[in-house]
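Colleague:
Numbering (the UniProt record's numbering), first residue to last: 1 to 445.
1) Do residue 375 and residue 508 count as a contact pair if the criterion is CB distance below 7 Å?
2) Please state the DSSP three-state secondary structure of residue 330.
3) What residue range does the alpha helix (DSSP H) around residue 278 cover?
4) Do you know how far the Cα of residue 281 is from the Cα of residue 23?
5) Pick helix, strand or coil for residue 304, following the three-state DSSP scheme.
6) When the Cα of residue 457 is compared with those of 197, 301, 107, which residue comes out closest?
7) Can you list, in chain order, the stretches of the beta strand (DSSP E) that have 3 or more residues and sit fully within the stretch 51–100?
8) Assuming residue 363 is part of the alpha helix (DSSP H), what are its boundary residues?
9) Find the nearest neighbour of residue 320 within the set 287, 270, 395, judged by alpha-carbon distance.
10) The alpha helix (DSSP H) spanning residue 382 covers which residue range?
11) Keeping to the same chain, check which residues put their C-beta closer than 7 Å to that of residue 58; ignore five residues upstream and five downstream.
12) Is it buried or exposed, residue 308, if we count other Cβ atoms within 10 angstroms and call 16 or more buried?
13) Pull the bridge partners of residue 225 from the DSSP assignment, please.
14) Does the separation of the CB atoms of residue 262 and residue 224 fall below 7 Å?
15) Please classify residue 138 as buried or exposed, where buried requires at least 16 other C-beta atoms within 10 Å of its C-beta.
16) Could you check which residue in 173, 5, 335, 199 has the C-alpha nearest to that of residue 29?
17) Kindly indicate which three-state DSSP category residue 5 falls into: helix, strand or coil?
18) Hey, residue 300 and residue 273 are a contact pair by Cβ (cut 8 Å); roughly how many whole angstroms apart?
19) Residue 242 and residue 265 - do their beta-carbons sit closer together than 7 Å?
20) Going by DSSP, name the residue or residues bridged to residue 374.
21) Less than 7 Å between the C-beta atoms of residue 12 and residue 38, yes or no?
22) Check whether the Cβ atoms of residue 174 and residue 203 lie closer than 7 Å to each other.
23) Contact between the stretch 238–255 and the stretch 191–203 is defined here as three or more beta-carbon pairs at a separation below 8 Å; is this criterion met?
24) For residue 264, does the three-state DSSP call read helix, strand or coil?
25) Do the stretch 379–399 and the stretch 347–362 touch if we need at least three Cβ pairs shorter than 8 Å?
26) CA-CA distance, residue 97 and residue 316?
27) Taking all protein chains shown into account, do 16 or more other C-beta atoms lie within 10 angstroms of the C-beta of residue 73, making it buried, or fewer, making it exposed?
28) Exposed or buried, residue 117, counting other C-beta atoms within 10 Å across all chains shown (16 or more means buried)?
29) If you drop the 5 nearest sequence neighbours on each side, which residues of the same chain put their C-beta closer than 6 Å to that of residue 414?
30) Please state whether the Cβ-Cβ distance between residue 229 and residue 87 is less than 7 Å.
31) Pull the bridge partners of residue 256 from the DSSP assignment, please.
32) Please tell me whether residue 101 and residue 82 are closer than 7 Å, where the distance is taken between their beta carbons.
33) Can the beta-carbon of residue 176 be found less than 7 Å from the beta-carbon of residue 329?
34) Just the C-alpha distance for residue 36 and residue 62, rounded to the nearest angstrom, thanks.
35) Quick check: residue 19 and residue 85, are their CB atoms within less than 7 Å of each other?
36) How would you write the range of the beta strand (DSSP E) that residue 47 sits in, first residue to last?
Okay, here's the thing in structure tokens:
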């Protein structure tokens, strides 16, 4: 037998593990030397992909190391191929990585849907995006709402966020808040799961999506894939919904793999239209029509509501926004900033003088973050640093533009009043018609 092809998978704790599970794990012609962890998600290196998930060919598991160690890995292990397996990066970024890897002597690979997408026994509607922070979450919840109105049993399957003990995260099922506590979910996980649970939707997530789909299919008439970043779906969908962001026009054709999503879409939702300029909306529309002339385009608002707007007027407001949207998502503002301006905040407080620990590191890595605070909570240490930053900040009110139950995740400020934002539904009949069609007709495979 010929020598196995030696592979390193570049990732960020999600797509990389999935590609290994469905393609490399049982193929003796390949041997995966290591995973590397990008700087997108802090603190996920210096771990091992456990033997229980890696399979019999990897009795010691697979090391996960920093991406910066690639030259050493390639030299020490005579690596043949490097697979790029993370998302929400520019086309230019990807090609710089390709050039780097080629200079080290290896092939550089991007894996597509044919090699990595699973097949489901029940209809699947996938919700993906052109960039992180485009509005996938509220779109996913709207799709679930439409399906439930048809008396369908709906299960949401979330793109992976395996930030904890990997050996315990193969298959995760969430039905109640107690499940979130039992699995020791991070802020990022809670932000995605809690709104589903509040609406009575069961959520599956984890690492081994072959097993996740096998279990979810037992209790679902329709599965809704709740995407992460701007990655494409882990399962072949019967209906592909892609959310585009007119606050970042042009990104639908210049970011990986968001452009892939646009080209695959059955439906493209141009979101947030009431908070941007007409020219931006039309620029996105033109791009979508050029890349995918057959896609149905839905124009949508993502209205912002605040539970206590009277607490904002005339106050110095600290705004807390979704972390990934501000960091690798490159947004300078979000719903919280818009709410602060709309409701008459006297000042949006820049938190930089009060940053501590890992939150200070985040601002050092992403210096273009605006005068607001990304809710970074991938670990207990980050949550602690976030809480210390909030409590130290000199402000009158805290506007939280993410979790409904922030205090449960460890974010507190003594004496502070906080506003929250929540999504409003898409008022588009096109989405309802598309969802109903996908639920009724199982595409032949």
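C-beta atoms are modelled at their ideal positions from N, C-alpha and C, and glycine is treated no differently.
Modeller: A quick look at the data gives this:
1) This structure cannot speak to residue 508, because the chain is shown only from 1 to 445.
2) One-based indexing of the chain shown puts residue 330 at position 330. Coil at residue 330, not helix or strand.
3) The residue you call residue 278 lines up with position 278 of the chain shown. Note, residue 278: alpha helix (DSSP H), 278–291.
4) Translated into positions along the chain shown, residue 23 becomes position 23. Translated into positions along the chain shown, residue 281 becomes position 281. Distance between the alpha carbons of residue 23 and residue 281: 39 Å.
5) Looking up residue 304 in the chain shown gives position 304. Note: residue 304 maps to coil in three-state DSSP.
6) Absent from the model: residue 457. The displayed extent of the chain is 1 to 445, so no value can be given.
7) 62–66, 81–84
8) Residue 363 sits at position 363 when you count from the first residue of the chain shown. Segment 357–365, the alpha helix (DSSP H) holding residue 363.
9) Counting from one through the chain shown, the residue named residue 320 turns up at place 320. Out of 287, 270, 395, 395 has the C-alpha closest to the C-alpha of residue 320.
10) Within the chain shown, numbered from 1, the residue matching residue 382 stands at position 382. From DSSP, the alpha helix (DSSP H) with residue 382 extends over 380–392.
11) For this step, residue 58 is matched to residue 58 along the chain shown. Same-chain partners within the cutoff: 51.
12) Along the chain shown, read from residue 1 onward, the residue named residue 308 stands at position 308. Exposed, because fewer than 16 other Cβ atoms sit within 10 Å of the Cβ of residue 308.
13) Along the chain shown, read from residue 1 onward, the residue named residue 225 stands at position 225. Answer by DSSP bridge pairing, in chain order: 126, 157.
14) As a working mapping, residue 262 is identified with position 262 in the chain shown. As a working mapping, residue 224 is identified with position 224 in the chain shown. Against a cut-off of 7 Å, the Cβ pair of residue 224 and residue 262 comes out as no contact.
15) What you label residue 138 is simply residue 138 of the chain shown in a count that begins at 1. Buried.
16) Within the chain shown, the letter at position 29 stands for residue 29. Answer by Cα proximity: 5.
17) Residue numbering aside, residue 5 sits at position 5 when the chain shown is read from its first letter. The answer is strand: DSSP assigns residue 5 an E or B state.
18) Translated into positions along the chain shown, residue 300 becomes position 300. Translated into positions along the chain shown, residue 273 becomes position 273. Confirmed, about 6 Å.
19) In the chain shown, counting from the first residue as 1, residue 265 sits at position 265. In the chain shown, counting from the first residue as 1, residue 242 sits at position 242. Yes, these two residues count as a Cβ contact at 7 Å.
20) Within the chain shown, residue 374 is the residue found at index 374, counting from 1. Its beta-bridge partners are 321.
21) The residue labelled residue 12 in the question sits at position 12 within the chain shown. The residue labelled residue 38 in the question sits at position 38 within the chain shown. Yes, these two residues count as a Cβ contact at 7 Å.
22) The residue you call residue 174 lines up with position 174 of the chain shown. The residue you call residue 203 lines up with position 203 of the chain shown. Closer than 7 Å, so yes.
23) no
24) As a working mapping, residue 264 is identified with position 264 in the chain shown. The answer is helix: DSSP assigns residue 264 an H, G or I state.
25) yes
26) Position 97 of the chain shown holds residue 97. Position 316 of the chain shown holds residue 316. So the alpha carbons of these two residues sit roughly 42 Å apart.
27) If you number the chain shown from 1, residue 73 lands on position 73. Flag for residue 73 reads buried.
28) Counted from its first residue, the chain shown places residue 117 at position 117. Its Cβ being crowded by 16 or more others within 10 Å, residue 117 is buried.
29) Mapped onto the chain shown, residue 414 falls at position 414. For residue 414, the pLDDT reaches just 29, beneath the cut-off of 50, and the residue's location in the model is therefore unreliable, although a value from the coordinates is still provided. Excluding positions up to five away in sequence, the list is empty.
30) Here the question's residue 229 lines up with position 229 in the chain shown. Here the question's residue 87 lines up with position 87 in the chain shown. Yes, the Cβ-Cβ distance between residue 229 and residue 87 is below 7 Å.
31) Along the chain shown, read from residue 1 onward, the residue named residue 256 stands at position 256. Its beta-bridge partners are 89.
32) Counted from its first residue, the chain shown places residue 101 at position 101. Counted from its first residue, the chain shown places residue 82 at position 82. Yes, Cβ-Cβ distance for residue 101 and residue 82 is below 7 Å.
33) Residue mapping note: residue 176 aligns to position 176 of the chain shown, counting from 1. Residue mapping note: residue 329 aligns to position 329 of the chain shown, counting from 1. No, the pair does not count as a contact, with Cβ atoms beyond the cut-off.
34) Here residue 36 corresponds to residue number 36 of the chain shown, with the count starting at 1. Here residue 62 corresponds to residue number 62 of the chain shown, with the count starting at 1. The straight-line gap from Cα to Cα measures roughly 10 Å.
35) In the chain shown, residue 19 corresponds to position 19, counting from 1. In the chain shown, residue 85 corresponds to position 85, counting from 1. Yes, Cβ-Cβ distance for residue 19 and residue 85 is below 7 Å.
36) To locate residue 47, count along the chain shown from 1; it is residue 47. Residues 47–49.
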